[in-house]
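Respectively, the protein sequence lines represent chains A and B.
First residue of the first sequence? That's 1 in our numbering, and the numbers climb one at a time after it.
First residue of the second sequence? That's 593 in our numbering, and the numbers climb one at a time after it.
Heads up, the beta-carbon is just placed ideally off N, CA and C, and yes, glycines get one too.
A quick write-up on the structure given underneath.
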Amino acid sequence: MAAPTPYTYIQCPCSDVSTLSHPSDPNSPTGTEADEDDRTFDPRAPRSNYSLYPLEYLLYCEDCHQIRCPRCVAEEIVTYYCPNCLFEVPSSNLKSEGNRCTRSCFQCPVCIGPLAVTSVETKPDPRLLAPDNIAAPHSGPYALTCSYCHWSSTEVGIQFEKPNSIHAQLAKLRNGGTTRLTAKERKERRRDPAHRSATTEGEESGEQEDLDLETQFANLKAFYQNQLADPNSADSGLAALGDLGFSSPTSLSRIMSIYTGGSLQDKKAKSRVGAMREALEPDEGLQVANLDESAAIEQLQSEGHDGTACTAQRVDQPPHLGEEHLHGRGRFTSELRPIPYLLRTKRSKRCPICRHIISKPEAKVQTTRFRIRLVAGSYIPSIAIRPLSLSNGGGSASGAAAVPGALLDPLRPTHYLLTFKNPIFETIKVTLGAPSKTPGRFASKVTVLCPDFEIDANTDVWDEALKEGGGGGGGGGERDRERERRRRKREEGSQSNNNHNQLEVGKIWERGRNWVSIVVEVVPASLRVEAGDGPLREDEDVLEIPMFVRVEWEGEAGGDEVGSVPTRDRDTREKRELAYWCVLGLGRIRQS
Amino acid sequence: MSSRRPPRGEYIETDTGNKVARKATLVGTQNIMLGGKTVIQPEVMIRGDLIRTIQASSQSASGAAPNSTAVSIGRYCFLSRGCCLRPPGRLYKGAFTYMPLRIGDHVFVGAGSVVQAATVGSHVHIGAKVAVGEFAIIKDYVRILDGTVVPPNMVIPSFSIVAGQPARLIGEVPEGGHEAFELRDIYKTVGNNPQPAPS
Ligand SMILES: [Zn+2]
Ligand SMILES: [Zn+2]
Ligand SMILES: [Zn+2]
Ligand SMILES: [Zn+2]
């Protein structure tokens with residue numbers, strides 16, 4: 001994926017095997033300090049792909065005081081809902097009805113666009129039946145049509161008598177419009193002696209009975225259940241074992257499972273079950289495969305590749321609904337059926353170590369509020385990267401990378417401003433560590449001019465509280481005025497600072513209410529490939545700096561909320577610390 | 593957005609804090625409702641003239657909105673250069689009529705996009721060169737990536753990230769990504785006295 005540059009990705013501790021093996025002492029990070037110092041992190045390592053996340057994707061466990069990522073949290077489903085009609089589906093329905101919407105919500109089998117119910121008589125017009133148009137002139141029959149690619153269910157011969165409860169109607173229809181028997185109807189047909197005699201007559205006249213898929217399955221199942229239940233399963237070869245009491249397949253498999261615990265059982269049981277006889281007639285579920293594929297070949301010749309369904313289209317298809325038989329199923333786009341919408345979920349997330357809930361949305365489908373939402377962004381500093389152009393003075397330093405997204409010139413020193421913003425209500429001490437050369441074949445030189453600094457607390461409690469509670473609703477003028485006042489203040493401050501900014505080792509570049517900017521100097525590597533070396537690999541020209549960040553602060557002793565209630569009681573404070581790797585993506589190096 | 597400083601007076605700033613570019617085309621302004629603090633960049637077109645010609649009986653009883661409103665926009669919306677807001681239209685009881693287009697708060701519409709939705713919720717980011725088809729319903733906290741074509745009548749639930757032609761769900765907005773939809777800061781960077789973006 002082409003990542004927007006510059007970017008900052010943070011590594012979740014779950015990728016570190018050592019932290020996972022000692023989950024019980026999250027409060028003593030000093031134990032692993034020695035290892036962390038020795039180890040360097042290679043953002044290019046294949047494994048890194050799975051552990052680096054933008055800050056927004058990370059959560060934070062207040063009990064473990066640790067970052068949690070989408071890969072390590074345990075998810076629990078709060079609500080199932082249809083993404084099209086936005087109705088909640090109770091989980092009890094899920095067991096009986098499956099994980100798709102049973103209202104009239106369908107996707108186009110060709111392009112996945114939404115399908116609308118339209119009247120077949122009047123020319124299919126997607127505008128005709130938008131959701132709230134109840135009073136439109138209706139006349140059957142109806143079809144499902146796609147407003148994006150103009151596919152219509154009439155193409156597979158499916159039409160509906162009523163414009164509502166499409167799902168139930170569709171369940172009874174095969175492609176081509178023939179009816180599909182419901183389970184109940186099938187049962188009745190099996191019991192119905194008239195039907196039975198009719199089929200036997202048919203057989204006598206030499207015709208094989210045509211079983212539909214569900215009937216065939218039901219027949220087979222009944223047949224095998226009989227076989228298993230019947231202690232003297234007929235003319236089988238089990239007679240020899242009769243004396244040992246093994247004559248019944250069920251008792252045999254029971255005995256075998258006692259001794260083998262499963263692994264051996266399959267093989268043995270198979271040989272025994274094989275001794276049972278197989279289905280021999282349609283009543284027992286025998287359906288002779290129709291091997292004549294000439295029709296399919298003919299269609300392939302006439303429609304060509306475009307007429308065939310791609311894998312994605314076939315995967316989306318509900319199984320075994322369109323066709324009468326298993327063989328010769330859904331190869332052509334002309335056989336694709338409307339796809340009922342797959343349900344979506346709202347999920348809460350638990351910390352994998354302590355099992356506390358760290359994210360929990362409200363159950364109602366239409367609300368976007370969260371009961372619990374512990375995002376890492378409220379606990380660890382954000383890092384913004386900006387190219388720094390030194391227009392006046394500076395001499396050797398140039399504004400090479402002043403335009404975001406521009407290519408970096410090899411071997412030319414370039415400067416970047418890293419702005420760390422402190423989200424918590426305590427002053428934090430930040431210590432940075434970065435290798436002087438980036439890992440990989442093309443090592444760029446990296447110098448963090450000020451790897452050690454403090455950031456003032458995020459003191460504006462009111463602002464944050466409003467932001468949390470308001471959810472973006474009203475806001476109000478007072479808040480805006482306050483923001484405005486702060487902004488002006490900050491601006492005045494930075495204006496006066498600007499003149500004094502200098503590239504000096506150990507000095508921060510700029511400081512604000514709850515943020516600090518520092519400078520990183522990089523000398524991008526030359527991408528010249530030596531003779532005998534392999535060619536430039538994908539993304540090998542991206543300049544990524546691995547950086548170890550250690551944040552220290554004093555928090556409430558015992559209290560779990562790191563940054564919520566800023567009581568100024570100095571006696572109950574304790575030192576806290578959080579350390580993690582991150583990677584700074586600066587951009588691509590120009591290929592010479 | 594661009595580093596170019598606009599010349600003085602490029603925007604008309606209203607009492608409620610709307611910043612409307614002089615070079616934007618607003619047709620039927622009396623039918624366009626702006627909630628305040630909304631930025632309308634040059635070459636934006638809003639078709640307030642496409643008003644509903646047939647009134648639904650149920651609608652007039654509820655009295656939710658004045659019937660002549662064709663396009664309503666909430667607070668802190670940002671309409672980028674060259675985008676177009678157009679009420680959707682359809683046949684209703686045998687006659688063609690337009691229906692109002694309603695947009696919530698903190699909605700960003702990218703450059704060159706065309707929006708013909710029935711409703712767009714709050715905290716929605718619509719990228720550049722996106723086509724939102726007629727009567728689409730976009731809920732809150734939705735991100736539509738550049739170049740997406742949202743088919744007519746499509747419903748996009750909250751916290752969806754969609755892309756492609758036609759639009760397809762490609763991801764979910766993470767818990768930590770809610771604040772990124774806020775448009776208060778970008779509002780200040782535009783206008784006759786633009787402020788630099790906060791670092
Ligand atoms: Zn993780
Ligand atoms: Zn549905
Ligand atoms: Zn389609
Ligand atoms: Zn935990």
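- Below 8 Å, too few C-beta pairs join the stretch 602-613 of chain B and the stretch 57-70 of chain A to call them touching: fewer than three.
- In this structure, Pro-282(A) lies away from Leu-336(A), with their beta-carbon atoms at least 8 Å apart.
- Between Gly-601(B) and Glu-635(B), the gap from beta carbon to beta carbon reaches 8 Å or more.
- Chain order is used for the residues whose beta-carbon lies nearer than 6 Å to a heavy atom of ligand 4, namely Cys-61(A), Asp-63(A), Cys-64(A), Cys-351(A), Ile-353(A), Cys-354(A) and His-356(A).
- Taking C-beta atoms as the reference points, Leu-671(B) and Arg-639(B) fail to come closer than 8 Å.
- For Asn-84(A), the neighbours in chain B by C-beta distance under 7 Å run, in chain order, Val-747.
- Counting along the chain, Tyr-142(A) sits inside no alpha helix (DSSP H); it lies in the beta strand (DSSP E) bounded by residues 142-146.
- Taking a cut-off of 8 Å for Cβ pairs, the stretch 709-717 of chain B and the stretch 348-362 of chain A do not touch, as fewer than three such pairs fall below it.
- Shown here, Leu-213(A) sits in a helix according to DSSP, grouped into three states.
- Closest option to Leu-693(B), judged by alpha-carbon separation, among Asp-738(B), Thr-617(B), Pro-786(B) and Met-625(B): Met-625(B).
- The stretch 138-152 of chain A makes no contact with the stretch 761-771 of chain B; the number of CB pairs closer than 8 Å stays below 3.
- Each of Cys-108(A), Val-110(A), Cys-111(A), Gly-113(A), Cys-146(A), Tyr-148(A), Cys-149(A) and Trp-151(A) has a C-beta closer than 5 Å to some heavy atom of ligand 3; these make up the full list, in chain order.
- Here Phe-217(A) is not near Glu-284(A), since their CB atoms are 8 Å or more apart.
- For Arg-776(B), the secondary structure class from DSSP, reduced to helix, strand or coil, is helix.
- With a cut-off of 7 Å, the C-beta of Asn-745(B) is classified as distant from ligand 2, since no heavy atom of the ligand falls inside that distance.
- Taking the CA atoms as reference points, Cys-669(B) sits about 17 Å from Gln-787(B).
- For secondary structure counted as the alpha helix (DSSP H) over 4 or more consecutive residues, the stretch 60-127 of chain A holds these complete runs in sequence order: 91-97.
- In the structure shown, Ser-672(B) falls within a coil segment according to DSSP collapsed to helix, strand and coil.
- Here Glu-75(A) has Arg-347 and Lys-349 as same chain residues with Cβ atoms under 6 Å from its own Cβ, once five neighbours each way along the sequence are excluded.
- Below the 7 Å Cβ cutoff, chain B contributes Glu-767 and Gly-768 as neighbours of Val-375(A), in chain order.
- Shown here, Phe-160(A) sits in a strand according to DSSP, grouped into three states.
- Residue environment analysis places Thr-414(A) among the buried positions, since at least 16 neighbouring C-beta atoms fall within 10 angstroms of its C-beta.
- Shortest gap from the CB of Tyr-733(B) to any heavy atom of ligand 2: 7 Å or more.
- In chain A, no part has a C-beta under 9 Å from the C-beta of Pro-679(B); the shortest such distance is about 13 Å.
- Contact residues of the stretch 615-647 of chain B toward chain A are Lys-629 (C-beta to C-beta distance below 9 Å).
- Using a C-beta cut-off of 8 Å, the stretch 741-753 of chain B makes contact with the stretch 146-154 of chain A, since at least three inter-stretch Cβ pairs fall below that distance.
- If you check the CB distance, Pro-83(A) and Ile-385(A) do not come in under 8 Å.
- Taking C-beta separations shorter than 7 Å and ignoring five residues to either side along the sequence, the partners of Asp-541(A) in its chain run Leu-527, Arg-588, Ile-589 and Gln-591, following chain order.
- One residue list follows from the rule of a beta carbon closer than 7 Å to any heavy atom of ligand 2, given in chain order as Cys-82(A), Asn-84(A), Cys-85(A), Phe-87(A), Cys-101(A), Arg-103(A), Cys-105(A) and Tyr-341(A).
- When the beta-carbon positions are compared, Leu-52(A) and Ile-358(A) stay at least 8 Å from each other.
- In this structure, Lys-445(A) keeps its C-beta atom at 8 Å or more from the C-beta atom of Pro-381(A).
- Within chain A, no residue has its beta carbon less than 8 Å from that of Pro-692(B); the closest one is some 12 Å off.
- Counting along the chain, the unbroken alpha helix (DSSP H) around Leu-300(A) starts and ends at 294-303.
- Ligand 1 never approaches Cys-310(A) closely enough for any of its heavy atoms to be under 7 Å from the residue's Cβ.
- Contacts with chain B (Cβ-Cβ distance below 7 Å) from the stretch 36-64 of chain A involve Leu-55, Glu-56, Tyr-57, Leu-58 and Leu-59, listed in chain order.
- For Arg-314(A), the enclosing alpha helix (DSSP H) stretches over residues 311-316.
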